[in-house]
Amino acid sequence: MKEVKFRACGPGIDGIQQVVSMNFEEETVVIRNESGQLQTFKVSEITLIPFIGLKDCHGIDIYFGDAVVCDLNWGGGRVGKEVFEVECLHGCFFLHDWTTFDIVRAFEENEWLSLEVIGSTLIQPNLIDDWKRLKKSFQ
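This note's numbering runs 517 ahead of the 1-based position in the sequence shown.
Here it is, written out as structure tokens:
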């Protein structure tokens with residue numbers, strides 16, 4: 518069974534924080550901020566970020582909106598590294614620009630894919646473009 522958990526970001530939340538509880542009747546979530554205090558927010562006032570059920574190559578949980586560096590090895594030959602945003606469509610998580618690529622199934626069934634979380638595009642919208650620009654400067 519896959520673990521179900523969320524992070525949250527939005528006004529009044531410093532960066533992205535882990536959700537520790539949800540109240541469906543009151544439509545609220547509780548997060549623990551970096552100083553250890555619990556804070557309650559209305560769901561309508563924040564962005565909930567679902568865990569996709571996978572960890573990266575360093576054991577870090579992968580969430581919707583994360584930017585991941587993907588080390589591609591197709592057919593035994595190394596293709597190289599590319600960065601993608603983790604998105605969701607019709608209940609499947611996928612890497613942006615690969616609309617038919619189901620990340621969860623590929624990660625579970627193939628050894629040719631390794632992922633490394635480098636940040637969240639929800640709080641760093643230019644992260645992927647910055648990474649690509651930096652990569653191009655070294656070529």
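Note that CB positions come from ideal geometry on N, CA and C, so glycine has one too.
- The DSSP-derived three-state label of E562 is helix.
- The segment 519 to 537 makes contact with the segment 636 to 644; the number of CB pairs closer than 8 Å reaches 3 or more.
- When rounded, the separation of the alpha-carbon atoms in K598 and K649 is 10 Å.
- Of all C-beta pairs linking the segment 563 to 570 to the segment 519 to 526, three or more are shorter than 8 Å, placing the two stretches in contact.
- Counting every other CB atom within 10 Å of its CB across the protein chains shown gives D646 a total below 16, marking it as exposed.
- By the Cβ-count criterion, G553 is exposed, with fewer than 16 other Cβ atoms from all chains shown falling within 10 Å of its own Cβ.
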